[in-house]
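Here my numbering = 1-based position in the sequence shown + 2. Read the structure below first, then the notes.
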Amino acid sequence: MNIIDDIDLTVSEFKGKRRIDIRKYFDNTMGERLPTQRGINLTVKQWEAFIAKLPELKAYIKQELEK
3 MNIIDDIDLT VSEFKGKRRI DIRKYFDNTM GERLPTQRGI NLTVKQWEAF IAKLPELKAY
63 IKQELEK
């Protein structure tokens with residue numbers, strides 16, 4: 003799933019466990035969309051904790067941007 007421009011979110015399985023991957027992609031010279039090393043890979047538990055913190059994270063970012 004494309005989030006914005008060159009950042010995608012994918013759900014996959016690794017060693018029998020579901021993972022959520024948010025990664026930067028690029029288009030190579032052959033026109034293929036390929037992942038870069040820039041990104042984060044989370045367990046479902048980590049993803050759920052992250053989502054639960056979104057309101058707090060949004061408030062923190064807003065506060066920092068207003069400095």
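All C-beta atoms, glycine included, are put in the ideal place defined by N, C-alpha and C. Everything numeric in this text was worked out from a predicted model, so none of it was measured.
Proximity to aspartate 23 across Ile42, Asp29, Ala54, Met32 peaks at Ile42, based on C-alpha coordinates. Residues of the same chain with a CB within less than 8 Å of the CB of phenylalanine 28, apart from the 5 flanking positions on each side, are Asp8, Arg35, Leu36, Thr38 in chain order. Restricting attention to Ile53, Gln65, Lys26, Met32, the CA atom closest to the CA of arginine 40 is found in Lys26. For the options Met3, Asp10, Lys19, the alpha carbon positioned closest to that of glutamine 48 is the one of Lys19. Exclusion of the five residues before and after aspartate 10 leaves Met3, Asn4, Arg25, Tyr27 as the residues of its chain whose Cβ lies within less than 7 Å of its Cβ.
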